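Here is the structure we will look at.
Chains as they are written, first to last, in full-length UniProt numbering: chain H, 1 to 383; chain V, 1 to 383; chain P, 1 to 383; chain W, 1 to 383.
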């Protein structure tokens with residue numbers, strides 16, 4: 001930690017071989033106001049123990065089950081103040097509900113859970129307990145994504161007219177790519193849930209659309225498919241959608257786009273300016289005002305032209321690139337502050353309501369695709 | 001001209017205030033093997049005369065009607081060898097049919113014509129007369145578009161899996177933009193035809209998809225609309241489509257994307273590489289082979305790594321940028337050669353069969369949109 | 001030609017196998033107001049004849065010597081109105097002086113000539129005859145180079161503080177590259193003159209510095225060398241320099257920078273903005289005003305924000321890239337107008353005075369390098 | 001920390017209002033194997049106390065003097081294992097020497113110190129004590145800078161022929177920018193030392209040249225100046241230099257280049273490839289092999305084409321950008337490992353020998369400039 005009296009947190013999942021668990025822990029370290037004090041890092045007891053030892057957890061706070069962690073930390077005066085969930089999707093709901101029931105705020109990896117029904121269960125638990133739940137949609141936590149939102153929703157540039165978002169990766173491009181811990185659970189309906197690529201990365205794209213535009217997607221027509229033979233879940237898909245303000249958009253999410261790494265890119269055209277942002281070049285927001293030269297906005301604590309939402313998530317002077325881990329750190333930083341009761345004007349974590357929308361997006365895309373890309377209202381989907 | 005014994009051509013349309021007529025004439029000048037000898041530059045006789053004088057036409061070859069031009073040039077031993085048509089869309093068919101009937105090869109601006117029925121009429125005339133007709137889809141005539149086609153269709157990189165093409169402009173973003181000679185006819189169903197943006201630029205995007213992939217689009221689901229109130233034709237739209245080889249794609253065509261200039265960009269992901277090309281940076285083709293660093297291919301007469309299709313349309317050494325006018329010139333250059341009977345392995349002009357597909361695309365997109373974005377087979381559309 | 005009554009010109013040099021001759025002819029074709037009517041395309045009579053025939057010259061105007069061309073065209077009522085010189089450097093002076101003496105305006109490829117003494121001879125001939133001479137420094141004829149000049153010299157952004165210009169190519173990177181018509185004369189002191197890379201491309205870089213800043217370089221310290229063993233002329237070099245307004249700069253010119261194509265790039269930092277332009281991306285001028293987002297200015301006949309100097313050399317709407325040949329065409333267009341007596345506010349050709357500065361730059365760089373990179377005043381150099 | 005048993009460190013400097021102190025602490029947090037346990041954060045006792053409290057130091061380990069910190073930590077069994085120095089330059093030497101004398105390894109911000117004499121004093125102390133000292137030249141710790149070094153020094157691409165490096169910033173562009181804690185000490189000869197911009201950022205550029213080429217700079221000709229009136233130290237300068245292998249280069253370092261943020265960019269041309277890297281786009285290394293398309297190398301734990309030096313400093317999958325703080329973290333990570341006795345094949349910190357070269361570069365540039373840009377041998381400079 002980098003401040004006095006950091007907020008204590010525990011982690012469920014994220015043991016040996018995990019990808020996103022170490023990312024969460026490094027993000028928390030950068031945030032500086034969080035301290036990892038406990039964990040149930042694996043469902044396998046021996047692996048949980050080894051994983052806890054490796055990252056310096058006290059032996060008595062390296063638990064071998066979710067239930068033990070919740071009970072143990074609840075019982076301690078210096079127990080964790082919130083719980084981070086970084087397991088495969090199908091574990092999110094039981095873990096989150098147990099934590100909420102025990103009074104812990106929950107910071108959960110995306111998507112919220114594996115099925116819409118499980119998401120409704122979490123929502124019910126949150127309502128019942130009054131507990132707080134945040135989800136880590138990393139990409140909206142970048143300074144320039146936040147700057148874009150401020151510019152677009154500020155009204156100066158008129159209504160949103162068209163959106164084009166794509167999230168294209170190539171890491172599952174071939175049948176032989178579907179092995180290894182990460183690939184396996186993400187392509188397994190039992191652990192990933194209703195959707196593959198649309199759940200894993202399509203939700204990020206969807207979240208970014210609603211975040212940046214400040215609008216909701218009302219309906220969509222989608223086609224999902226498994227491009228690689230033998231896959232049970234979609235690894236490739238596309239959608240057309242409507243925004244509540246009348247704008248239209250396209251969304252592509254694919255994990256079989258050979259050569260692409262983590263290609264989340266979005267264009268938003270308003271009546272009086274276009275906005276273009278690409279996660280692989282996160283420090284450059286292109287703004288094209290009508291009739292003027294294109295502008296490139298960049299972060300930096302010295303960039304007086306930035307608005308508050310971008311500035312408060314910026315650490316370094318202009319020209320000192322911040323990246324993915326810093327964006328993730330913004331989420332931890334703000335969630336920890338909220339856990340301690342601080343009200344934030346521009347929290348960097350995604351709240352439960354927005355996370356629920358991501359689950360409805362998955363369901364709607366799935367339903368639409370099953371009906372030959374018929375239009376499906378997102379608000380009307382059922383589990 | 002820049003060679004001895006250039007091919008003589010006449011122009012229909014392209015008088016005072018025209019945009020594309022001067023582009024054609026400059027393209028022909030760059031091609032070097034063409035010489036403009038006659039014109040019917042306007043349907044208004046006085047304007048036709050003034051326009052002809054301004055560009056140096058001999059008074060007796062500056063005609064005031066299409067019929068006169070065809071008759072006059074046919075009668076001369078040194079008459080035009082082919083006829084270029086650069087009028088608004090609704091004049092394409094009568095002019096082309098008349099020219100074909102008189103034995104002239106025709107080089108026509110895109111889209112082929114205003115309605116699918118008119119296109120069928122041209123097709124019939126061509127079959128009847130055995131005449132040759134080419135269409136100026138400029139963008140596939142860039143060296144790097146041709147290099148991409150060669151790489152993609154060569155088989156080395158596997159099947160096409162996904163395509164994302166967009167053609168976004170902002171020049172009609174506001175109601176007040178719909179004035180002026182160019183804007184007016186393009187937004188007028190009587191002169192433009194069935195489609196606005198989808199006809200004007202969507203056909204370019206569609207053509208590029210089929211050109212670069214070497215495949216045909218089998219069906220599409222599209223939504224077109226007039227985003228600016230009061231417009232009679234679409235100024236904004238999107239589509240999802242299938243390729244005959246199983247690949248899928250999205251297409252966006254819009255003239256209300258504020259801030260965009262001439263934003264035609266395409267990504268094609270094959271099983272073993274991704275390909276990315278952007279018309280505003282036409283000399284840089286990005287190729288992403290699986291597991292290797294991204295490559296940027298550039299044109300140049302010294303670029304020994306280029307294939308023949310790209311090399312034969314390259315004029316300058318690497319690093320000396322060629323642009324839109326040079327791409328257009330390639331079309332004239334090759335059409336003129338074909339007029340003189342040369343058989344070309346890689347002609348830079350679009351032939352009638354491919355131009356007909358563009359017309360079916362317009363009809364299919366229109367039909368799909370009218371049916372709530374239902375899937376429509378392109379080959380099955382009727383006028 | 002694309003206008004009535006085009007200006008007639010003759011060409012010296014540019015026969016079979018030449019690089020820059022065809023570029024000049026294509027440029028003139030794009031310009032539209034010029035018509036090639038005669039040539040002495042090679043010093044070899046048979047080659048001259050063949051070359052003239054290939055490009056459609058009338059047999060009686062395809063001359064076999066410079067003297068014949070000048071005499072022949074002078075004698076005709078429809079003779080050439082100006083003469084373009086596209087030979088190797090050592091022929092520039094005799095050809096230009098003969099043409100000037102005969103009353104022809106001269107448009108000469110760069111650098112002005114092979115030696116400073118020869119340049120003084122041309123200067124004397126021009127003064128003696130009152131004749132006009134222009135030089136083709138292509139790169140300052142791009143719209144965005146002209147826009148930069150207007151912004152920088154306009155005073156709004158304060159004094160020029162620092163310049164960094166480089167012109168790096170790789171086509172002579174190896175000993176085996178020094179063969180072929182182009183490479184051979186450019187590396188031969190007898191035909192190229194005092195300098196190799198500094199003469200061939202360093203002069204372009206130097207010209208661009210003075211053009212864009214509107215200032216003169218007062219002194220420089222340079223080191224030139226032959227990086228490839230056995231070369232007689234410099235193929236690689238660098239310099240530091242002072243501007244008359246107090247700014248400082250660096251200049252690199254090299255033809256052994258492997259992997260670079262035609263890498264002319266310049267950065268100019270004024271007190272209140274930085275300006276960055278790269279010839280390989282000529283349609284994008286980056287402007288970095290103090291305390292504001294970076295701007296990217298692009299050409300286009302619809303770009304109302306452009307100044308007149310850029311606008312008058314722009315042919316196409318925004319987003320339709322123009323390139324090297326169009327920049328070159330601007331020079332022909334304007335020189336032809338000047339030949340007919342038009343006074344131009346922003347001529348796209350380089351005049352004799354500026355071309356003389358390029359020759360002094362070569363001499364000064366050579367002298368400085370010979371003295372261990374001592375500072376040399378450019379105005380004070382002697383032949 | 002993110003591992004068990006992290007290496008304990010103490011920090012000198014870095015209190016309230018400091019820029020680089022928090023950067024070091026965040027870097028150490030990302031590294032994960034370091035734990036801050038003590039500090040003497042300010043020379044002002046009250047500020048030191050407040051600063052220590054703010055970042056969570058135990059009160060008894062928040063010292064008010066360097067001497068106290070060294071004595072206190074030396075006396076504890078759980079005392080710091082190394083000391084980080086992040087003060088203004090003039091404090092580096094006394095602090096480092098005291099720490100070395102007490103047996104602490106030292107990780108010092110750059111440049112090594114204010115004067116060459118002070119650097120010699122540190123060198124003597126290190127030799128006397130056998131102690132270890134590292135310097136934080138952040139930029140060579142980026143994965144792609146390391147990949148470039150591996151490619152360039154691997155021999156496959158031949159000798160280095162030319163280098164162009166620039167480090168341009170605009171934050172001191174105006175007289176009014178010279179206020180604030182950061183600007184003030186950096187423009188004050190008493191605290192910054194012999195050089196301003198050349199010391200502060202020129203040393204980074206110099207270090208990167210020697211790091212990436214694997215060669216030493218033998219001599220240079222430099223001109224430094226204060227572009228903003230009234231400055232006592234250089235804020236702008238340039239140099240030409242020779243490498244020991246025969247290559248030549250230019251170096252620009254300026255803090256008055258308006259509009260630039262942290263513009264460190266380097267091009268290195270070898271006989272068979274060019275290499276281009278820009279710190280503001282640190283995840284993209286352009287490699288231009290002779291006769292092939294340009295390649296863009298990017299980091300990622302899944303990038304099997306990367307060499308070990310780049311891979312071991314990469315944390316995230318491809319497409320998840322890492323930035324400045326991660327590069328800095330690599331230095332802490334490796335220095336901490338070295339403190340515990342691990343021998344590293346590719347340490348991410350700069351060792352004393354290389355840091356000494358940076359000091360000689362400053363002296364040589366200063367001496368050359370004082371002699372009108374005469375050539376100065378770097379190895380031969382004296383304090």
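Each residue gets a CB set at the ideal place from its N, CA and C atoms; glycine is no exception.
Just so we're clear, the structure is a prediction, and the values are computed from it rather than from any experiment.
Residue-level contact by beta carbon holds for residue 258 of chain H and chain V, with a gap shorter than 8 Å. Annotated three-state conformation of residue 74 of chain H is helix, per DSSP.
The CB of residue 289 of chain W comes closer than 7 Å to the CB of 259 in chain P, given here in chain order. C-alpha of residue 380 of chain W to C-alpha of residue 222 of chain W: approximately 16 Å in a straight line. Counting along the chain, the unbroken beta strand (DSSP E) around residue 242 of chain P starts and ends at 236-243. Taking 3 residues as the shortest admissible run, the stretch 25-55 of chain V contains the following complete beta strand (DSSP E) segments, listed from N- to C-terminal end: 34-40. For residue 272 of chain P, at least one C-beta of chain W is nearer than 8 Å to its own C-beta.
Residue contact with chain H for residue 4 of chain W: present (Cβ-Cβ distance below 8 Å to some residue of chain H).
For residue 171 of chain V, at least one C-beta of chain P is nearer than 8 Å to its own C-beta. A distance of 8 Å or more separates the beta carbons of residue 256 of chain P and residue 248 of chain W. Contact between residue 239 of chain V and residue 365 of chain V holds, since their C-beta atoms are separated by about 6 Å, short of 8 Å. Residue 374 of chain H is positioned such that its CB atom lies no closer than 8 Å to that of residue 116 of chain H. Distances from the alpha-carbon of residue 196 of chain P to those of P/214, P/2, P/219 and P/224 put P/224 closest. Of the candidates V/150, V/102, V/37 and V/111, the residue whose Cα lies closest to the Cα of residue 306 of chain V is V/150. The C-beta separation of residue 185 of chain H from residue 302 of chain W comes to about 17 Å, leaving the pair out of contact by the 8 Å criterion. Within chain H, the residues 161, 162 and 248 have their CB atoms less than 8 Å from the CB of residue 236 of chain V, given in chain order.
Under the 8 Å Cβ criterion, the stretch 26-39 of chain V counts as touching the stretch 308-327 of chain V, having at least three qualifying pairs. Taking a contact as a CB-CB distance under 8 Å, the pair residue 119 of chain P and residue 277 of chain P does not count as one, their CB atoms being some 28 Å apart. Shown here, residue 20 of chain W sits in a helix according to DSSP, grouped into three states. When secondary structure is reduced to three states using DSSP, residue 94 of chain V falls in the helix class.
In the structure shown, residue 250 of chain H falls within a strand segment according to DSSP collapsed to helix, strand and coil. For the pair residue 263 of chain P and residue 9 of chain W, the Cα-to-Cα distance works out to about 48 Å. For residue 375 of chain P, the residues of chain W that pass the 8 Å Cβ criterion are 372 and 373, in the order they occur in the chain. Scanning chain V for C-beta atoms nearer than 9 Å to the C-beta of residue 302 of chain P yields 171 and 261, reported in chain order. The alpha-carbon of residue 41 of chain V is positioned some 29 Å away from that of residue 78 of chain P. With respect to residue 218 of chain H, residue 152 of chain H sits apart: the two C-beta atoms are not nearer than 8 Å. Flagged as an interface residue toward chain P: residue 318 of chain V, by a C-beta distance shorter than 8 Å. A contact between stretches requires three or more CB pairs, one per stretch, nearer than 8 Å, and the stretch 227-236 of chain V meets this requirement with the stretch 172-184 of chain V. The stretch 95-110 of chain P makes contact with the stretch 128-138 of chain P: 3 or more CB pairs, one atom from each, lie closer than 8 Å. Counting only residues of its own chain and dropping the five nearest sequence neighbours on each side, residue 183 of chain P has a CB closer than 7 Å to the CB of 172 and 177. If you compare the alpha carbons of W/330, W/37, W/250 and W/308 with that of residue 139 of chain W, the shortest gap goes to W/330. The three-state secondary structure of residue 361 of chain V, taken from DSSP, is helix. Within the same chain, Cβ atoms closer than 6 Å to the Cβ of residue 14 of chain V are found at 21, 41 and 86, the five residues on either side in sequence being excluded.
Rounded to whole angstroms, the gap between the alpha carbons of residue 351 of chain V and residue 107 of chain V is 9 Å.
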